[in-house]
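J.: In full-length UniProt numbering, the protein residues as written are 1 to 499.
Note that CB positions come from ideal geometry on N, CA and C, so glycine has one too.
Predicted model only: the values in this text are computed from it and were never measured.
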Amino acid sequence: MDLNQLSFTRRAFRSESIIYSGYMFGHNAVKFRGGGLFELSKIDRDTVVVNPSDGIIDLSRVPENTEVSFASFEYPNQEIKILIAYGPNINSTSRAPCFTSILKDSIRLLSPNINKDGPGARVGISIKRSKYNIWAFGGYPGVGGTGSIPGRYFFFFNGTSNNWIDKTDLAINENIPNLVYHTMSNINDEYLIVIGGGTYNSQGILVDKPFDKVYKFDLNKETWSTTSLVNCPKNTKIGHTTTMVNGSLIVIGGTDNQQESKLNIYPDIISIDPSTLKCTNINIKYDSGASANIKSAFHAANYIDNYLLINSGMREPDYDNQQILIDTSTWTRKFKFKNIDLMPTPDSNSPNNKPISNTNTIIYSVVGVVLFLTLASFLYYFFIIRKQKKRDLNNIQISNGQVNNQEPDVKWVRSDSKIIRLDNEEVFSFDDKATASKNIEADRDADLRQLNILNFVYKNDNFSNQGRVNNKIQEFPETFTNATLLSKENIAEENTLTS
1 MDLNQLSFTR
11 RAFRSESIIY
21 SGYMFGHNAV
31 KFRGGGLFEL
41 SKIDRDTVVV
51 NPSDGIIDLS
61 RVPENTEVSF
71 ASFEYPNQEI
81 KILIAYGPNI
91 NSTSRAPCFT
101 SILKDSIRLL
111 SPNINKDGPG
121 ARVGISIKRS
131 KYNIWAFGGY
141 PGVGGTGSIP
151 GRYFFFFNGT
161 SNNWIDKTDL
171 AINENIPNLV
181 YHTMSNINDE
191 YLIVIGGGTY
201 NSQGILVDKP
211 FDKVYKFDLN
221 KETWSTTSLV
231 NCPKNTKIGH
241 TTTMVNGSLI
251 VIGGTDNQQE
261 SKLNIYPDII
271 SIDPSTLKCT
281 NINIKYDSGA
291 SANIKSAFHA
301 ANYIDNYLLI
311 NSGMREPDYD
321 NQQILIDTST
331 WTRKFKFKNI
341 DLMPTPDSNS
351 PNNKPISNTN
361 TIIYSVVGVV
371 LFLTLASFLY
381 YFFIIRKQKK
391 RDLNNIQISN
401 GQVNNQEPDV
411 KWVRSDSKII
421 RLDNEEVFSF
431 DDKATASKNI
441 EADRDADLRQ
451 LNILNFVYKN
461 DNFSNQGRVN
471 NKIQEFPETF
481 TNATLLSKEN
491 IAEENTLTS
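Next up, the structure:
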């Protein structure tokens, strides 16, 4: 995957959302820079209000909307709580700030230093808060972003001193790679855990990075370590989400790092125990019992009231582009959350994975027998009756006689008992012409060979200018071909074959 691309045909930039003070605010990224949309919902007990009139977000403060990350933040001493948005401002001609405070009627950031000497503008970065500090890890600065320094990828904003500190050397000393489109989670303000993502080369091409390792940063000791995941797949996973649910890290979806047109979106949802780092696959089902195959990448995910809410991103199948609701108490996909009703997907009531009752078993058995007998009858006709017709052709006796009027451009070979229509479509007798069957290519070739032996053709001439009906057998010395059989221009009005 080329990280220098600024527009895509298949994948999208990464979406993100946050739940803050009873509101869910999200940025739905799209396939080109600067085209994303923001959504705000108020979640209050049993109701969800979309775009409430008392919204808390000042959209004029939100940074350029290509990829936007969010972090709640609290300054020490002053106990001032704010909501920070980070937008990379890629390809911007101005040095617009990447970090802004976006709440209405809230103070601006206490110091402009938050936009000085930090990570600058990057895509695929992770921003996470710990107590009164902000941590930024990874990301790709090579798309025209301002203020970003290649080779530096781990930064710490000290809320007390109001300045950024470059901590990249701590990562380099422990061989912690610079990652993009990974996730970073805060575990009880004790350590940060980085999951998934990929590295990139000097040309900005994403390089494989196995998913079976995590990188942990001890917030108290400020040390990095690498630990293997247990029973996790090793495929590269980028564009996934990691959400804390009841003490476990829930990793949803993601994709590999192949070319955009060949991206493989993963359907798995994995639970990781932060203490043991053991992975467990979660099988999501519908209420019907059918398996819910959820394939999503570069999406956003949040946890509230026992539900995982998955929004935006890439989806497969494409029609499943609505919000995905997962009840984590039963791990089932739902189509109702509070007062929100969604359209069930076509596979939600699929019988493929439902238990089959005894009654259904009997019905399916009867239907199976009927289908078997029908197929057997067809095969008998095809192999036995058709073989008999070929035998009759070998002993054909040409005779004159009246034939029921047919279409004027139909050519025939005829015997006392059979009429064989040679228009490359049908063969039938006097008795079965009402149920004529289609000819296969081998049958048509055999008919042509028989015609070339006989050198006879019959033509019903009821369309002649004289208005007379002339049913007779005519003999031609020429060899018959498919063109001869199909084109009525090959037959003159005198019923002779033209050259």
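Sorted by chain position, which residues of the same chain lie with C-beta nearer than 7 Å to Lys131's C-beta, five sequence neighbours on each side aside?
T.: Here the question's residue 131 lines up with position 131 in the sequence shown. Answer for Lys131: Asp189, listed in chain order.
J.: When you compare each of Gly55, Gly34 and Pro141 to Asp2 by their alpha carbons, which one comes out closest?
T.: On the sequence shown, position 2 is the one that residue 2 refers to. Nearest of Gly55, Gly34 and Pro141 to Asp2, Cα basis: Pro141.
J.: Starting from the Cα of residue 504, find the closest Cα among Phe32, Ser225, Ile19 and Phe25 and give me that residue.
T.: Missing from the structure shown is residue 504; the chain here goes from 1 to 499 and no further.
J.: Report the rounded CA-to-CA distance for Tyr75 versus Ser291, giving the unit in angstroms.
T.: Translated into the one-based positions of the sequence shown, residue 75 becomes position 75. Translated into the one-based positions of the sequence shown, residue 291 becomes position 291. One C-alpha to the other measures close to 46 Å.
J.: Looking only at C-alpha atoms, which of Ile270, Thr226 and Ser17 sits nearest to Lys237?
T.: Within the sequence shown, the letter at position 237 stands for residue 237. Distance check between Lys237 and each of Ile270, Thr226 and Ser17 places Ile270 closest, using alpha-carbon atoms only.
J.: Going by DSSP, what residue range makes up the alpha helix (DSSP H) through Asn173?
T.: Counting from 1 along the sequence shown, the entry for residue 173 is found at position 173. Run containing Asn173: Thr168 to Asn173, per the alpha helix (DSSP H) assignment.
J.: Ile310 lies in the beta strand (DSSP E); which residues open and close that run?
T.: Here the question's residue 310 lines up with position 310 in the sequence shown. Counting along the chain, the beta strand (DSSP E) containing Ile310 begins and ends at Tyr307 to Asn311.
J.: If we count Cβ pairs, one from each stretch, closer than 8 Å, do we get three or more for the stretch 215-222 versus the stretch 242-255?
T.: no
J.: Since I believe Asn28 is in contact with Leu40 (beta carbons under 8 Å), could you give me their beta-carbon distance rounded to a whole number of angstroms?
T.: Along the sequence shown, read from residue 1 onward, the residue named residue 40 stands at position 40. Along the sequence shown, read from residue 1 onward, the residue named residue 28 stands at position 28. Not quite, the Cβ-Cβ distance comes to about 12 Å (not below 8 Å), so this is no contact.
J.: Can you grab the Cα-Cα spacing for the pair Ala71 / Arg152, in whole Å?
T.: As a position in the sequence shown, residue 71 is number 71, starting the count at 1. As a position in the sequence shown, residue 152 is number 152, starting the count at 1. Cα to Cα, Ala71 sits roughly 21 Å from Arg152.
J.: Whole angstroms is fine: what's the gap from Thr175's alpha carbon to Pro119's?
T.: Looking up residue 175 in the sequence shown gives position 175. Looking up residue 119 in the sequence shown gives position 119. First, the residue type needs correcting, since residue 175 is Asn and not Thr in the sequence shown. Roughly 19 Å separates the two Cα atoms.
J.: Return yes when the Cβ of Ser15 is within less than 7 Å of the Cβ of Gly313, no when it is not.
T.: Within the sequence shown, numbered from 1, the residue matching residue 313 stands at position 313. Within the sequence shown, numbered from 1, the residue matching residue 15 stands at position 15. It is a contact, given that the beta carbons lie within the stated cut-off.
J.: Counting Cβ pairs closer than 8 Å, one from the stretch 160-168 and one from the stretch 203-212, do we hit at least three?
T.: no
J.: Along the chain, which unbroken stretches of the beta strand (DSSP E) at least 3 residues long are found entirely within the stretch 171-249?
T.: 183-187, 191-195, 213-218, 223-228 and 241-245
J.: Figure out for me which residue from Pro344, Thr328, Thr100 and Phe156 has the closest Cα to the Cα of Asp117.
T.: Along the sequence shown, one-based indexing puts residue 117 at 117. Of the candidates Pro344, Thr328, Thr100 and Phe156, the one whose C-alpha sits nearest the C-alpha of Asp117 is Phe156.
J.: Could you tell me which of Leu192, Ala171, Arg315 and Gly247 sits nearest to Gly239, measuring between CA atoms?
T.: Numbered from its first residue, the sequence shown carries residue 239 at position 239. Answer by Cα proximity: Arg315.
J.: Since Phe298 and Phe13 should fall inside the 8 Å C-beta cutoff, what is the C-beta to C-beta distance between them, to a whole number of angstroms?
T.: Position 298 of the sequence shown, counted from the first residue, corresponds to residue 298. Position 13 of the sequence shown, counted from the first residue, corresponds to residue 13. That pair is a contact at about 7 Å.
J.: Under DSSP, the beta strand (DSSP E) around Trp331 begins and ends at which residues?
T.: On the sequence shown, residue 331 is found 331 positions in, with the first residue counted as 1. Neither: Trp331 is in no beta strand (DSSP E) and is coded neither H nor E.
J.: I'd like to confirm the pairing. Which residues does DSSP put opposite Arg315 in its beta bridges?
T.: What you label residue 315 is simply residue 315 of the sequence shown in a count that begins at 1. Answer by DSSP bridge pairing, in chain order: Ser296.
J.: What does the Cβ neighbour count give for Ile107, buried or exposed, with the cut at 16 atoms within 10 Å?
T.: For the purposes of this step, residue 107 is identified with residue 107 of the sequence shown, where counting begins at 1. Residue burial is scored here from C-beta neighbours: Ile107 has fewer than 16 other C-beta atoms within 10 angstroms and is therefore classed as exposed.
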